[in-house]
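J.: I am attaching a structure below and will ask some questions about it afterwards.
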Amino acid sequence: MRRAAAAALTRQAAVEPVQSYCALLARIALSSQATTSATPEILEASYRDETGRHTCKRLRKDGRTPAIIFSMPHNENKLISISANDATNMVRIHGRMGLAAQRFVVNLGDEQLPVLPRVVHINAVSNLVENITFMHCPPERRITVPVPVQVIGEDACPGLKQNGFPYLIRRTVDCLCPGDAIPASIEVDISGLQLGQTVLLPHLKLPTDVKLVALHPRLPVCKIAGKNSREG
-4 MRRAAAAALT
6 RQAAVEPVQS
16 YCALLARIAL
26 SSQATTSATP
36 EILEASYRDE
46 TGRHTCKRLR
56 KDGRTPAIIF
66 SMPHNENKLI
76 SISANDATNM
86 VRIHGRMGLA
96 AQRFVVNLGD
106 EQLPVLPRVV
116 HINAVSNLVE
126 NITFMHCPPE
136 RRITVPVPVQ
146 VIGEDACPGL
156 KQNGFPYLIR
166 RTVDCLCPGD
176 AIPASIEVDI
186 SGLQLGQTVL
196 LPHLKLPTDV
206 KLVALHPRLP
216 VCKIAGKNSR
226 EG
């Protein structure tokens, strides 16, 4: 009789952590959300006719940063330049990682072109932006974007109070998005995670028109790591 009661208690103890963890993951899916980009920032630009190293060097000397907009209609590319201050502020405010998920509108004469930064070259010595490659990003276009992951809820995380720390396994998540609805970031709430528990890609909540692009759907995103931590 005692053995049967002990076995029942053991089974209950084994089931309760699983149930609580499943409930926790459901709460993460509800609290995790994608922060959409605000109104696109405006960049004043000018046409440039010439290419080459000497031309770009002359532009930089005049306080301009050479840039290009590719994937225009009919496979057209537009050679432009923007203010060097605007280029520096773009990287300073959004960071090189966050910049890839930020939409801009380039004012080019009578045209207003929605664009998305794809490549930013920064001088390793002077730390100045040397050139920028933009992609034309109209609303009807669907594009794969590396969206940054932002961890929140650290103050209330019980795993951190057990001398753990948030280990961000994936700093960005590749998402297929409409051109006018690109998330600026994806927030992951870890306020209920215990030491050793992990948040996977399926636990992230995305907007309706945004889909994950991953080689494996159960790739981990974030884990509360530390001494004696177990895989959650």
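Position 50 of the sequence shown, counting from 1, maps to 45 under my numbering, and the rest follow consecutively. Glycine included, each C-beta is placed from N, C-alpha and C at the ideal position.
Hey, how far is the Cα of Lys52 from the Cα of Ser121?
T.: For the purposes of this step, residue 52 is taken as residue 57 along the sequence shown, with counting starting at 1. For the purposes of this step, residue 121 is taken as residue 126 along the sequence shown, with counting starting at 1. In a straight line, the C-alpha of Lys52 is about 14 Å away from that of Ser121.
J.: Which residues share a DSSP beta bridge with His116?
T.: To locate residue 116, count along the sequence shown from 1; it is residue 121. According to DSSP, which records beta bridges pairwise, His116 is partnered with Asn126.
J.: Would you mind sorting Lys73 into buried or exposed? The rule is 16 or more other CB atoms within 10 Å of its CB.
T.: The residue labelled residue 73 in the question sits at position 78 within the sequence shown. Counting Cβ neighbours within 10 Å, Lys73 comes out buried, since at least 16 surround it.
J.: Within its chain, find whatever has a CB closer than 6 Å to the CB of Pro35; leave out the 5 residues flanking it on each side and keep chain order.
T.: For the purposes of this step, residue 35 is taken as residue 40 along the sequence shown, with counting starting at 1. These residues qualify, in order along the chain: Arg98, Phe99, Val100.
J.: Considering just the uninterrupted stretch of the alpha helix (DSSP H) at Asn80, what are its terminal residues?
T.: Stepping through the sequence shown from its first residue, residue 80 is reached at position 85. Looking at the DSSP string, the run of the alpha helix (DSSP H) that includes Asn80 is 79 to 94.
J.: Can you give the beta carbon distance from Ser66 to His131, rounded, assuming they're within the 8 Å contact cut?
T.: Here residue 66 is taken as the residue at index 71 of the sequence shown, counted from 1. Here residue 131 is taken as the residue at index 136 of the sequence shown, counted from 1. So it is a contact: roughly 5 Å between Cβ atoms.
J.: Specify the secondary structure class of Ala179 as computed by DSSP and reduced to three states.
T.: Along the sequence shown, read from residue 1 onward, the residue named residue 179 stands at position 184. Residue state, collapsed to three classes: strand.
J.: Using a 10 Å radius around the Cβ and a threshold of 16 neighbouring Cβ atoms, would you call Met85 buried or exposed?
T.: As a working mapping, residue 85 is identified with position 90 in the sequence shown. By the neighbour-count rule (16 or more Cβ atoms within 10 Å), Met85 is buried.
J.: Here's the rule: buried if 16 or more other CB atoms are within 10 angstroms of the residue's CB, otherwise exposed. What is Asp184?
T.: Along the sequence shown, read from residue 1 onward, the residue named residue 184 stands at position 189. Asp184 is buried by the Cβ-count criterion.
J.: Do you know offhand how far Ala151's Cα is from His198's?
T.: The count along the sequence shown starts at 1 and reaches residue 151 at position 156. The count along the sequence shown starts at 1 and reaches residue 198 at position 203. So the alpha carbons of these two residues sit roughly 19 Å apart.
J.: Among residues of its own chain, excluding the 5 on either side of Lys206, which ones have a beta-carbon nearer than 6 Å to its beta-carbon?
T.: The residue you call residue 206 lines up with position 211 of the sequence shown. Answer for Lys206: Leu171, listed in chain order.
J.: Here's the rule: buried if 16 or more other CB atoms are within 10 angstroms of the residue's CB, otherwise exposed. What is Gly187?
T.: Residue 187 sits at position 192 when you count from the first residue of the sequence shown. Gly187 is buried by the Cβ-count criterion.
J.: Report the residue from Val142, Tyr42, Ile64 whose alpha carbon sits nearest the alpha carbon of Glu182.
T.: For the purposes of this step, residue 182 is identified with residue 187 of the sequence shown, where counting begins at 1. For Glu182, the nearest C-alpha among the options comes from Val142.
J.: Please name the residue, chosen from Asn118, Arg113, Glu135, that lies closest to Phe129 on a Cα-to-Cα basis.
T.: As a working mapping, residue 129 is identified with position 134 in the sequence shown. Comparing Cα-Cα distances from Phe129 to each of Asn118, Arg113, Glu135, the minimum goes to Arg113.
J.: Between Ser180, Ile37, His211, which lies nearest to Gln286 when the distance is taken from Cα to Cα?
T.: Residue 286 cannot be examined here, being either before or after the span of the chain that is shown, -4 to 227.
J.: For the alpha helix (DSSP H) that Leu54 lies in, which residues bound it at each end?
T.: Against the sequence shown, residue 54 aligns to sequence position 59. Here the alpha helix (DSSP H) through Leu54 covers 48 to 56.
J.: Grab the span of the alpha helix (DSSP H) containing Leu155 for me, first residue to last.
T.: For the purposes of this step, residue 155 is taken as the residue at position 160 of the sequence shown. Looking at the DSSP string, the run of the alpha helix (DSSP H) that includes Leu155 is 153 to 156.
J.: Measure the C-alpha to C-alpha separation of Asn118 and Gly93 and round it to an integer number of angstroms.
T.: To locate residue 118, count along the sequence shown from 1; it is residue 123. To locate residue 93, count along the sequence shown from 1; it is residue 98. Cα to Cα, Asn118 sits roughly 19 Å from Gly93.
J.: Considering only DSSP beta bridges, list what Ala62 is partnered with.
T.: Against the sequence shown, residue 62 aligns to sequence position 67. According to DSSP, Ala62 bridges with Ile75, Ile127.
J.: For the putative contact between Ile219 and Gln189, defined by C-beta atoms under 8 Å, what is the C-beta separation to the nearest angstrom?
T.: Here residue 219 corresponds to residue number 224 of the sequence shown, with the count starting at 1. Here residue 189 corresponds to residue number 194 of the sequence shown, with the count starting at 1. Right, their Cβ atoms sit about 7 Å apart.
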